[in-house]
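Structure, as structure tokens:
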Amino acid sequence: MSQFHGFTFDTLGWRAWLDTVSLDEATPEQLAVLEESHPHAKTSDYYLLLVQQAEILRQRSGVFNAIMYAPGGLPRVERELASTVVSRVNGCVYCASVHAQRFGQLAKRTDAIEQVFEDPTSAGTTERERAIIRYAIELTEHPEAVDAEAIKRLEAHGLTEPEILDLTHAIAIFAWANRLMLTLGEPVFAGQNG
Numbered sequence: 000m001s002q003f004h005g006f007t008f009d010t011l012g013w014r015a016w017l018d019t020v021s022l023d024e025a026t027p028e029q030l031a032v033l034e035e036s037h038p039h040a041k042t043s044d045y046y047l048l049l050v051q052q053a054e055i056l057r058q059r060s061g062v063f064n065a066i067m068y069a070p071g072g073l074p075r076v077e078r079e080l081a082s083t084v085v086s087r088v089n090g091c092v093y094c095a096s097v098h099a100q101r102f103g104q105l106a107k108r109t110d111a112i113e114q115v116f117e118d119p120t121s122a123g124t125t126e127r128e129r130a131i132i133r134y135a136i137e138l139t140e141h142p143e144a145v146d147a148e149a150i151k152r153l154e155a156h157g158l159t160e161p162e163i164l165d166l167t168h169a170i171a172i173f174a175w176a177n178r179l180m181l182t183l184g185e186p187v188f189a190g191q192n193g
């Protein structure tokens with residue numbers, strides 16, 4: 000699929016710049032944390048790097064999974080939209096590709112993500128999407144500027160208080176996720192050695 004300013008819907012790999020844990024040498028605790036974290040954790044450089052600090056990875060995975068997959072609150076498709084926006088703004092090509100794909104799978108469309116990849120400041124196919132995207136950009140770029148008015152703007156576009164809380168959690172966790180991805184390794188595109 001085509002790329003937009005280096006962002007893509009393609010499935011990417013990720014290569015760690017620090018040593019990863021070999022499954023042959025992993026402790027029982029490390030193996031248990033990998034099992035709990037993600038279905039592909041045992042083959043992912045990202046998880047094999049983070050499992051060096053197994054308890055931190057256990058806590059990180061629990062928080063991440065609760066934020067992104069908990070029932071109720073903000074629809075998952077909108078959590079994926081916000082995550083993609085944050086990743087685009089932060090320049091995390093890997094995370095943007097993963098969550099763009101998930102948005103497409105859930106929404107059965109890619110138009111909003113194509114717009115995010117092209118220019119996040121003008122992206123969104125509905126007023127609600129545009130409000131979510133604007134809030135994600137604002138909280139990512141200028142968290143100190145987010146105030147009660149920002150919340151009122153979301154409410155004016157139909158977001159409930161539990162949805163706003165979920166949205167804020169999704170945006171915040173991607174500030175963390177993007178920084179781990181961007182500073183501990185690099186994306187690997189199809190055809191690259193990795």
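In numbering that gives the first Met the number 0, the protein residues as written are 0 to 193.
For every residue, glycine included, the Cβ atom is placed at its ideal position computed from N, Cα and C.
Checklist entry - For residue 76, which of helix, strand or coil comes out of DSSP? => result In this structure, residue 76 counts as helix in the three-state DSSP scheme.
Next on the checklist: Tell me the DSSP secondary structure of residue 69 in three-state form.
Outcome noted: coil
Next on the checklist: Can you tell me whether residue 18 is helix, strand or coil according to DSSP?
Outcome noted: Residue 18: coil per DSSP, three-state reduction.
Checklist entry - Is residue 7 helix, strand or coil when you go by DSSP? => result strand
Checklist entry - Helix or strand or just coil, what does DSSP make of residue 145? => result coil
Checklist entry - Taking the alpha-carbon positions, what's the residue 15 to residue 177 distance? => result 14 Å
Checklist entry - Whose C-beta lies closer than 6 Å to the C-beta of residue 135 among residues of the same chain, with five residues either side of it excluded? => result 81, 84, 85 and 170
Next on the checklist: Using C-beta distances below 8 Å, list every residue in its chain close to residue 96, excluding the 5 sequence neighbours before and after it, in chain order.
Outcome noted: 6, 7, 8, 9, 10, 11 and 186
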